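Visitor: This is the structure I have questions about; it appears just below.
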Amino acid sequence: MSPKLPPTNVLALDAGINATTEKWFEYPIKVYPHHTDYAGVVWHGTYLTWMEAARVEYLQTIGINFADLVNLGCDLPVVDLSIRYHRALRLGEEAILKARMDEITGVRLNWDYKIQSPDEQQLYVTARVTLVAIDREKGKILRQLPPSVKNILVKLVRS
Numbered sequence: 001m002s003p004k005l006p007p008t009n010v011l012a013l014d015a016g017i018n019a020t021t022e023k024w025f026e027y028p029i030k031v032y033p034h035h036t037d038y039a040g041v042v043w044h045g046t047y048l049t050w051m052e053a054a055r056v057e058y059l060q061t062i063g064i065n066f067a068d069l070v071n072l073g074c075d076l077p078v079v080d081l082s083i084r085y086h087r088a089l090r091l092g093e094e095a096i097l098k099a100r101m102d103e104i105t106g107v108r109l110n111w112d113y114k115i116q117s118p119d120e121q122q123l124y125v126t127a128r129v130t131l132v133a134i135d136r137e138k139g140k141i142l143r144q145l146p147p148s149v150k151n152i153l154v155k156l157v158r159s
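In terms of the UniProt record's numbering, the sequence shown opens at residue 1 and continues consecutively.
Encoded structure:
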């Protein structure tokens, strides 16, 4: 049985880092058949997969391998997700997923996303995802980010 996590509202805030990335990372999307339902409309869960891929890819472009973060003993599971579907993407369409880290507050990492048409005339999805740092060995929420992880994330903010 996996350890039970406390609700995120009991997390203590560490004011040591509170930052926003200025630039959006752009991740191109093309809708293939396996992304859609029987009607050729993108299945809602596909957007989550794309957001995760964009977040990991963004880190990779600045030299941060997500596996290295995990190897430091810090897991970053999603604890909160808010997604708004504005318009459906369909089979064969292309779009740009934009991602940025909105803020790091204590052990919470908030990411914002938007999926738009390449010409930015259509907005398909907006979303916000909150990750929380967890001690992999103990399975408990950390009280503060480990210095090594904090230093890596500061690199992201400065990129």
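The beta carbon of each residue, even a glycine, is placed where N, CA and C say it ideally should be. Model, not experiment: these values are computed from the prediction.
#1: Excluding sequence positions up to five away, which residues of its chain have a Cβ less than 6 Å from the Cβ of Leu-91?
#2: Which residue wins for smallest C-alpha separation from Arg-100, given the options Gly-73, Tyr-85, Met-51, Gln-122?
#3: DSSP beta-bridge partners for Pro-28?
#4: Helix or strand or just coil, what does DSSP make of Val-78?
#5: Give a yes or no on contact between the region 102-118 and the region 63-71, applying the rule of three or more CB pairs nearer than 8 Å.
#6: Whether or not the region 78-89 and the region 56-64 are in contact is what I'm after, with contact meaning three or more pairs of Cβ atoms, one per stretch, closer than 8 Å; do they touch?
#7: Would you tell me roughly how many angstroms separate the C-alpha atoms of Tyr-124 and Trp-111, rounded to the nearest one?
#8: Span of the alpha helix (DSSP H) holding Trp-50?
#9: Considering only residues of the same chain and omitting the five flanking positions on each side of Tyr-27, which have a CB-CB separation below 8 Å?
#10: Roughly how many angstroms lie between the CA atoms of Ile-128 and Ala-88, to the nearest whole one?
#11: Please classify Arg-136: is it buried, with 16 or more other beta-carbons within 10 angstroms of its beta-carbon, or exposed?
#12: What residue range is occupied by the uninterrupted beta strand (DSSP E) comprising Asp-68?
Guide: For this structure:
#1: Within its own chain, the residues whose Cβ lies closer than 6 Å to the Cβ of Leu-91, once the five positions on either side in sequence are excluded, are Val-31, Thr-36, Gly-40, listed in chain order.
#2: Considering only alpha carbons, the answer is Met-51.
#3: Ile-96, per the DSSP bridge assignment.
#4: Three-state result, Val-78: strand.
#5: As far as the Cβ criterion goes, the region 102-118 does not touch the region 63-71, which means the pair count is below three.
#6: With a cut-off of 8 Å, the region 78-89 and the region 56-64 do not count as touching, because too few Cβ pairs lie within range.
#7: Linking Tyr-124 to Trp-111 through their CA atoms gives a straight-line distance of about 17 Å.
#8: Segment 44-61, the alpha helix (DSSP H) holding Trp-50.
#9: For Tyr-27, where only same-chain residues beyond five positions count, the Cβ hits under 8 Å are Trp-50, Ala-53, Ala-54, Glu-57, Tyr-58, Ile-96, Leu-97, Lys-98, Ala-99.
#10: Note that residue 128 is Arg in the sequence shown, not Ile. So the two alpha carbons sit approximately 18 Å from each other.
#11: The residue is exposed, with fewer than 16 neighbouring Cβ atoms inside 10 Å.
#12: Note, Asp-68: premise wrong, no beta strand (DSSP E); alpha helix (DSSP H) at 66-71.
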